[in-house]
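Novice: In terms of my numbering, the sequence shown opens at residue 1303 and continues consecutively. Backbone N, C-alpha and C fix where the C-beta goes; we use that ideal spot for every residue, glycine too. Encoded as structure tokens, here's the structure I'll be asking about.
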Amino acid sequence: MNRIFSGVQPTGNLHLGNYLGAIRNFVTLQDDYESIFCVVDMHAITVWQNPEELRRHTREVTAAYLAAGIDPTQSIIFNQSQVAAHAELAWIFNCVARIGWLNRMTQFKEKAGKHKENASAGLYVYPNLMAADILVYKATHVPVGEDQKQHLELARDIAQKFNNDFGRDFFPLTEPLILGSATRVMSLRDGTRKMSKSEASDMSRINMTDDADAIAQKVRKAKTDTEAMPGLEALDDSGRVSEAARKARPEAFNLIGIYAALADQSLPDVLSEFAGQPFSGFKKALTDLAVEKLGPIGAEMKRLMANPDHVDAVLRDGGERARALAMPILKEVYDLVGF
Ligand code: ADP
Ligand code: NA
């Protein structure tokens, strides 16, 4: 059976983008793939994390996985730091990957900002750890958003070079699983920026734990223009929002894309339904839909967080099962390397 690995960083503020772009898809994928869902706490510390907050956020991501419907008896849910094989394989990959490869990673340039020499060394070699996350299980597929495609490419390069260096067809060339079209959720304050955990304003994102009032307020205040709802004329020949239309009204099309994703409807259906109407009515419908879909998940997350024994037990059990899969593969790697 094909195997997937994917992860979310425990850096707080889990939002609608994390849900629609990642977690919701994990729930569907677990029926078709042997699934390993990780809370990537070792990735999180590539930038400073307060230790108590890190612990709380690790539980929060786990709670989100469970509340969204990932079944921990079917899939493996665990946190990365508990399976040392990730770090051990990452060290070997640090010695396989070339500096020139890492220098091409655009996310490092974005995250390190202007003063690259002040970024942690971990942030720089982060893609090697990500390759280890995937390959220590010989995962065949990885569900990825746009932002991770370059890193998966690097994981394939590392697998290929390792196989070449050690003369064995050992690691698979892991394939990306690109999911749905409306998976890129943008900020509610600026439709050209990704909705993100790190944007300062809480009004920029709908958090997975937001209650109905918070969701209503954020949707009501979400930036839009004064024009009526667009219709089918906004679509290009392939049925997607044309580049020109999106550029002219990025915030509007972001909200419409969110609605379509939450409702599991196609864009043409949503556009025909609301065409020509004022935005206020659409925002009301979007609020109701978001509350209906996210409300129960947020409530369950809070319930799980209030008494984290269950969450901790899931992580412990998942860690053991992950270790059992990773250790034999790591052992073979050590043999090949000459350890
Ligand atoms: P963030 O990017 O918010 O810091 P992570 O890096 O932990 O979150 O990403 C977790 C998952 O959520 C990844 O699969 C990522 O592609 C997805 N994701 C994050 N932000 C968005 C977004 N705005 N729209 C769609 N998917 C997103
Ligand atoms: Na990300």
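Quick one: what does DSSP say Ile-1480 is sitting in, helix, strand or coil?
Specialist: For this step, residue 1480 is matched to residue 178 along the sequence shown. Three-state result, Ile-1480: coil.
Novice: Please return the same chain residues whose Cβ sits closer than 6 Å to the Cβ of Ala-1399, not counting the five positions on each side in sequence.
Specialist: The residue labelled residue 1399 in the question sits at position 97 within the sequence shown. Once the five neighbours on either side are set aside, the close Cβ partners of Ala-1399 are Asn-1430, Ile-1460.
Novice: Taking the C-alpha atoms as reference points, what is the distance between Ser-1568 and Thr-1589?
Specialist: On the sequence shown, residue 1568 is found 266 positions in, with the first residue counted as 1. On the sequence shown, residue 1589 is found 287 positions in, with the first residue counted as 1. Those two C-alpha atoms are separated by around 18 Å.
Novice: Determine the closest residue to Asp-1492 out of Pro-1552, Ile-1379, Glu-1529, Glu-1545, with distance taken between C-alpha atoms.
Specialist: As a first step, residue 1492 must be located in the sequence shown, where it is residue number 190. Looking at the Cα atoms, Pro-1552 is the closest of the given residues.
Novice: Measure the alpha-carbon distance for Arg-1623 versus Ser-1383 and round it to whole angstroms.
Specialist: Locating residue 1623 in the sequence shown gives position 321, where the first residue counts as 1. Locating residue 1383 in the sequence shown gives position 81, where the first residue counts as 1. Each residue's Cα considered, the two are about 14 Å apart.
Novice: Work out the CA separation of Arg-1507 and Asp-1637 for me, nearest whole Å.
Specialist: Locating residue 1637 in the sequence shown gives position 335, counting from the first residue. Locating residue 1507 in the sequence shown gives position 205, counting from the first residue. Rounded to the nearest angstrom, the two C-alpha atoms are 48 Å apart.
Novice: On the DSSP bridge assignment, give the partners of Cys-1340 in chain order.
Specialist: Sequence index remark: in the sequence shown, residue 1340 carries index 38 (1-based). Its beta-bridge partners are Gly-1309, Phe-1380.
Novice: Going along the chain, which residues of its own chain have a beta-carbon closer than 7 Å to the beta-carbon of Val-1329, five neighbours each way excluded?
Specialist: Here residue 1329 refers to the residue found at position 27 when the sequence shown is read from its first residue. Cβ within range, chain order: Ala-1370, Gly-1371, Ile-1372.
Novice: Does the beta-carbon of Gly-1323 have 16 or more other beta-carbons within 10 angstroms, so that it is buried, or is it exposed?
Specialist: As a first step, residue 1323 is located in the sequence shown; it is residue number 21 there, counting from the start. Answer is buried; the Cβ neighbour count reaches 16.
Novice: With respect to 7 Å, is the separation between the Cβ of Leu-1322 and the closest non-hydrogen atom of the ligand ADP below this value?
Specialist: Your numbering for residue 1322 matches position 20 in the sequence shown. For Leu-1322, the CB falls within less than 7 Å of some heavy atom of the ligand ADP.
Novice: For the structure I just gave you, are there three or more beta carbon pairs, one from the region 1565 to 1583 and one from the region 1522 to 1542, closer than 8 Å?
Specialist: yes
Novice: Measuring alpha carbon to alpha carbon, tell me which of Ala-1536, Gly-1640, Ala-1366 ends up nearest Ala-1546.
Specialist: Start at 1 with the first residue of the sequence shown, and residue 1546 comes out as number 244. The shortest C-alpha separation from Ala-1546 is found at Ala-1536.
Novice: Considering only residues of the region 1538 to 1619, which uninterrupted alpha helix (DSSP H) runs meet the minimum length of 4 residues and lie entirely inside it, listed in chain order?
Specialist: Runs of the alpha helix (DSSP H) inside the region 1538 to 1619: 1545 to 1550, 1552 to 1565, 1569 to 1576, 1581 to 1608.
Novice: Hey, is Asp-1449 close to the ligand ADP, as in C-beta under 7 Å from one of its heavy atoms?
Specialist: As a first step, residue 1449 is located in the sequence shown; it is residue number 147 there, counting from the start. Checking the Cβ of Asp-1449 against the ligand ADP gives yes.
Novice: When you compare the CB positions of Leu-1475 and Gln-1462, do they come within less than 8 Å of one another, or not?
Specialist: Here residue 1475 refers to the residue found at position 173 when the sequence shown is read from its first residue. Here residue 1462 refers to the residue found at position 160 when the sequence shown is read from its first residue. Cβ distance < 8 Å, so Leu-1475 and Gln-1462 count as in contact.
Novice: Given Leu-1627, which residues of its chain have a CB within under 7 Å of its CB, disregarding the five upstream and five downstream residues?
Specialist: Against the sequence shown, residue 1627 aligns to sequence position 325. For Leu-1627, where only same-chain residues beyond five positions count, the Cβ hits under 7 Å are Tyr-1439.
Novice: Just checking, does the region 1345 to 1365 make contact with the region 1385 to 1404 on the three C-beta pairs under 8 Å criterion?
Specialist: no
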